[in-house]
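Protein chains: 2
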Amino acid sequence: MRYSKLFPKTIKEAPRDEVAINAKYLLRGGFIDKLMAGSYTLLPLGKRVEQKITQIIREEMNKTGAQEILMPLLHPKSIWNETGRWDKADEVMYKLKKDDKEFALSFTHEEIFLDLIRKHTSTYRDFPVKAYHFSTKFRSELRAKSGILRGREFLMKDLYSIHTSQEDLDKYYDEVRDAYLKTFERVGLSAIVAEAAGGVFTDSTTHEFQVLCETGEDEIIYCSGGDFAQNVEIAKVSEGKPCDLGHGPLKRAKVIEVGNIFRFGTSYSEKMDVSFTERSGKKQFTYLGSYGIGVTRLIGTLVELFHDDKGIIWPKEVAPFDVHLVHIEDKETEPWVRDIYKRLADSGIDVLWDDRENVSAGEKFADADLIGIPVRLIVSKKTGEGRVEWKNRDSEKTETLEVSEALKKLKS
Amino acid sequence: MRYSKLFPKTIKEAPRDEVAINAKYLLRGGFIDKLMAGSYTLLPLGKRVEQKITQIIREEMNKTGAQEILMPLLHPKSIWNETGRWDKADEVMYKLKKDDKEFALSFTHEEIFLDLIRKHTSTYRDFPVKAYHFSTKFRSELRAKSGILRGREFLMKDLYSIHTSQEDLDKYYDEVRDAYLKTFERVGLSAIVAEAAGGVFTDSTTHEFQVLCETGEDEIIYCSGGDFAQNVEIAKVSEGKPCDLGHGPLKRAKVIEVGNIFRFGTSYSEKMDVSFTERSGKKQFTYLGSYGIGVTRLIGTLVELFHDDKGIIWPKEVAPFDVHLVHIEDKETEPWVRDIYKRLADSGIDVLWDDRENVSAGEKFADADLIGIPVRLIVSKKTGEGRVEWKNRDSEKTETLEVSEALKKLKS
Chain B
32 MRYSKLFPKT
42 IKEAPRDEVA
52 INAKYLLRGG
62 FIDKLMAGSY
72 TLLPLGKRVE
82 QKITQIIREE
92 MNKTGAQEIL
102 MPLLHPKSIW
112 NETGRWDKAD
122 EVMYKLKKDD
132 KEFALSFTHE
142 EIFLDLIRKH
152 TSTYRDFPVK
162 AYHFSTKFRS
172 ELRAKSGILR
182 GREFLMKDLY
192 SIHTSQEDLD
202 KYYDEVRDAY
212 LKTFERVGLS
222 AIVAEAAGGV
232 FTDSTTHEFQ
242 VLCETGEDEI
252 IYCSGGDFAQ
262 NVEIAKVSEG
272 KPCDLGHGPL
282 KRAKVIEVGN
292 IFRFGTSYSE
302 KMDVSFTERS
312 GKKQFTYLGS
322 YGIGVTRLIG
332 TLVELFHDDK
342 GIIWPKEVAP
352 FDVHLVHIED
362 KETEPWVRDI
372 YKRLADSGID
382 VLWDDRENVS
392 AGEKFADADL
402 IGIPVRLIVS
412 KKTGEGRVEW
422 KNRDSEKTET
432 LEVSEALKKL
442 KS
Chain D
32 MRYSKLFPKT
42 IKEAPRDEVA
52 INAKYLLRGG
62 FIDKLMAGSY
72 TLLPLGKRVE
82 QKITQIIREE
92 MNKTGAQEIL
102 MPLLHPKSIW
112 NETGRWDKAD
122 EVMYKLKKDD
132 KEFALSFTHE
142 EIFLDLIRKH
152 TSTYRDFPVK
162 AYHFSTKFRS
172 ELRAKSGILR
182 GREFLMKDLY
192 SIHTSQEDLD
202 KYYDEVRDAY
212 LKTFERVGLS
222 AIVAEAAGGV
232 FTDSTTHEFQ
242 VLCETGEDEI
252 IYCSGGDFAQ
262 NVEIAKVSEG
272 KPCDLGHGPL
282 KRAKVIEVGN
292 IFRFGTSYSE
302 KMDVSFTERS
312 GKKQFTYLGS
322 YGIGVTRLIG
332 TLVELFHDDK
342 GIIWPKEVAP
352 FDVHLVHIED
362 KETEPWVRDI
372 YKRLADSGID
382 VLWDDRENVS
392 AGEKFADADL
402 IGIPVRLIVS
412 KKTGEGRVEW
422 KNRDSEKTET
432 LEVSEALKKL
442 KS
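Top line first, the protein sequences correspond to chains B and D. Note that this note's numbering has the first sequence beginning at 32, numbered continuously upward. Note that this note's numbering has the second sequence beginning at 32, numbered continuously upward.
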């Protein structure tokens with residue numbers, strides 16, 4: 032795509048009220064726009080990153096045998112009353128009344144999923160069911176100072192699973208834990224699974240997927256050997272204590288939570304009477320699991336972790352484009368860059384081509400650094416016809432290559 | 032995918048309060064579930080149809096040079112006050128208050144788009160901008176008796192374009208009209224472009240995309256030669272009057288509106304002060320266009336048009352699967368069907384395989400007819416090893432083919 036046509040262009044300064052690095056760079060780079068506190072539009076660049084992340088999550092969810100659905104966002108009060116969360120989660124929920132009926136906006140979907148299940152299942156043969164959706168969540172956060180790390184309106188992938196036994200739930204829970212770790216790895220993140228409290232979701236212990244990051248709002252105590260991690264909110268051991276398995280002293284670190292998984296057992300099913308008939312004819316309650324990944328939060332986390340003082344450095348798998356093609360303006364070299372753009376595009380490579388006129392080379396380089404596409408290719412008189420200067424976003428090294436060599440390198 | 036794993040299975044009877052054919056068949060087939068009046072979950076089969084439609088729309092929108100974004104659903108009152116629609120559209124809008132702040136749920140996005148534009152543009156060089164999103168709309172319809180044809184919460188693709196002149200808007204408006212006709216054609220619909228009134232959107236005349244259908248809620252007066260069509264709400268001519276171009280008498284027919292396009296000119300931009308600096312340095316207001324396709328409504332329209340007394344008949348392009356593979360249960364033929372399923376899947380064909388045990392052939396055929404996948408392939412002792420019985424959903428004719436022949440036919 033031609034950068035001259037992309038909406039919008041980069042901006043020089045982020046709004047003063049934005050303190051988080053993710054918000055600053057995403058706003059300046061033209062990935063997001065802020066509608067109000069905690070609420071952002073995904074602009075074309077941001078939407079592209081979101082679509083890549085969404086596709087990776089979708090693939091990993093499908094591998095676990097989960098099926099994609101889409102549940103509504105506006106929910107009747109009656110369903111939330113069945114579990115008592117209409118009152119219990121009052122602080123975080125957006126509620127409204129229209130024509131004397133009361134509704135809540137989706138802050139999560141356990142109740143809606145269970146309502147769906149009790150209408151469409153009856154015997155043990157109908158289980159397990161594993162269904163997920165990508166949809167909008169609304170949570171009235173007191174603070175909304177962390178950019179898209181903590182929105183009041185945000186995108187989430189939530190998966191729900193329902194089983195006829197605790198063992199079957201446990202087995203799938205472990206499968207999802209592995210699928211989540213794989214998902215985070217694919218988007219470029221190394222996540223630590225930490226035990227945590229369940230908040231308005233459950234009284235049981237849950238697991239959070241935490242990414243080490245100095246600007247994170249959470250803290251964990253963990254073993255670098257990977258055998259222990261707890262959110263400090265529930266940790267009964269402290270930093271420095273030796274790990275039981277001999278991996279040295281436990282560490283304490285700031286982290287960003289990118290996902291969480293819950294094992295509810297029969298607690299919700301009992302309240303909503305979601306049961307099934309066993310082979311023996313006996314009625315039993317079902318076992319619920321719930322699993323979430325914050326999609327927009329992942330975008331913010333990537334920026335918090337992968338940036339320098341010039342801008343974002345996207346991991347290859349989720350970058351908005353594969354290549355940032357910069358043309359140093361010159362009538363003579365214009366046919367060269369057109370030809371190179373065409374060759375790249377024809378090879379299935381996603382190219383952002385900075386074709387702007389009357390913009391200096393320095394400004395184009397600064398914008399390329401801010402936007403953070405992994406590979407920058409420059410076409411200029413200096414590089415010569417049919418050749419490009421290759422530079423990775425995360426390195427200072429440059430090399431001049433034949434276009435065919437660059438193509439081969441991009442495809443590898 | 033194995034039908035034994037698909038959630039949920041077909042149901043024998045639709046809920047009594049559903050009168051529309053689309054709701055009855057979509058509910059019975061397991062495409063949707065009803066949360067409350069006017070609000071449905073897309074189940075795995077329904078989600079698949081939605082994804083196919085979404086992808087077609089996306090491709091046609093991208094061809095017009097429009098860029099995909101995602102705007103928030105919860106909007107501050109202040110923005111809606113700028114155009115006066117906080118009051119004017121009160122009846123249709125869902126409004127809420129949280130921590131003393133007032134919000135509306137998205138019933139459309141003109142205001143939000145214009146706010147975005149005024150923050151990111153200044154001179155004529157920044158125009159035109161064409162951006163679209165797929166997102167949820169909330170409209171408090173008085174009646175919600177038409178299944179997913181008229182939801183209170185539904186999916187829409189809305190596109191907005193903004194220009195520096197009426198001519199440029201007009202040019203793009205015509206481009207979008209053509210892209211819409213192409214889109215409807217690709218999903219299997221033949222749409223008529225009819226003039227209509229603008230409702231809470233505009234006082235000017237707008238264009239609706241109407242599909243002839245006896246169960247439609249709208250009516251048009253139109254010429255079958257294609258040179259005239261108006262919604263009866265604004266039509267000043269009547270049925271039977273000869274068409275000006277000699278195509279015979281005008282007809283009157285019931286229709287379903289599947290899309291609409293609006294030319295607002297500068298009316299909204301003036302209210303929200305969305306302007307730009309001309310080459311001459313003079314300040315001018317921008318010209319807005321807005322274009323919508325109801326995605327969930329399209330699903331409903333397809334069912335209203337393409338069904339028989341046994342169930343749905345999906346057009347190939349949007350069917351949830353390419354093939355419905357039915358195995359007539361038998362230990363001996365089980366390896367046959369496994370092999371055929373694998374060969375189809377390996378060739379990139381999406382197969383729904385009815386692998387259920389203890390379900391009669393008659394029941395499997397009835398479910399296949401209800402679900403409406405275009406091609407049914409039967410594997411049984413009668414067809415023989417390596418062979419299948421082919422039947423199109425819309426025909427009674429069957430033929431027995433070698434799997435390789437069936438594969439070739441599916442690929443053609």
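Cβ coordinates follow ideal geometry from the N, Cα and C atoms, glycine included.
Give a yes or no on whether 8 Å exceeds the smallest Cβ distance from residue i to chain D.
i	result
residue 98 of chain B	yes
residue 358 of chain B	no
residue 150 of chain B	yes
residue 190 of chain B	no
residue 107 of chain B	yes
residue 154 of chain B	no
Nearest to residue i by alpha carbon, out of the options?
i	options	result
residue 129 of chain D	B/183, B/225, B/301, B/159	B/183
residue 302 of chain D	D/71, D/103, D/317	D/317
residue 437 of chain D	D/350, D/400, D/374, D/333	D/374
residue 254 of chain B	B/236, B/234, B/246, B/280	B/280
residue 243 of chain D	D/232, D/236, D/261	D/261
residue 331 of chain B	B/162, B/88, B/84, B/180	B/180
residue 138 of chain D	D/306, D/41, D/126	D/126
residue 41 of chain D	B/79, B/235, B/66, B/157	B/157
residue 396 of chain B	B/133, B/342, B/371	B/342
residue 159 of chain B	B/133, B/199, B/207	B/199
Suppose you measure from the CA of residue i to the CA of residue j; what does that come to, to the nearest Å?
i	j	result
residue 58 of chain D	residue 287 of chain D	20 Å
residue 68 of chain B	residue 142 of chain B	28 Å
residue 268 of chain B	residue 252 of chain B	8 Å
residue 185 of chain D	residue 103 of chain B	8 Å
residue 108 of chain B	residue 144 of chain B	15 Å
residue 351 of chain B	residue 62 of chain B	9 Å
residue 53 of chain B	residue 176 of chain B	11 Å
residue 265 of chain D	residue 429 of chain D	49 Å
residue 382 of chain D	residue 356 of chain B	41 Å
residue 298 of chain D	residue 212 of chain D	27 Å
residue 202 of chain D	residue 222 of chain D	21 Å
residue 354 of chain D	residue 70 of chain D	30 Å
residue 220 of chain B	residue 111 of chain D	40 Å
residue 246 of chain D	residue 215 of chain D	19 Å
residue 75 of chain B	residue 37 of chain B	8 Å
Any beta-carbon of chain B closer than 8 Å to the one on residue i?
i	result
residue 386 of chain D	no
residue 321 of chain D	no
residue 58 of chain D	no
residue 286 of chain D	no
residue 39 of chain D	yes
residue 391 of chain D	no
residue 102 of chain D	yes
residue 55 of chain D	no
residue 75 of chain D	yes
residue 125 of chain D	yes
residue 92 of chain D	no
residue 80 of chain D	no
residue 406 of chain D	no
residue 160 of chain D	yes
With 16 as the cutoff for other CB atoms within 10 Å, does residue i come out buried or exposed?
i	result
residue 241 of chain D	buried
residue 116 of chain B	buried
residue 312 of chain D	exposed
residue 33 of chain D	exposed
residue 366 of chain D	exposed
residue 379 of chain D	exposed
residue 161 of chain D	buried
Please report the Cβ distance between residue i and residue j, rounded to the nearest whole angstrom; I am assuming they are in contact, meaning their Cβ atoms lie under 8 Å.
i	j	result
residue 64 of chain D	residue 150 of chain B	7 Å
residue 31 of chain B	residue 99 of chain D	With chain B running from 32 to 443 in the structure shown, residue 31 of chain B is simply not present.
residue 165 of chain B	residue 326 of chain B	7 Å
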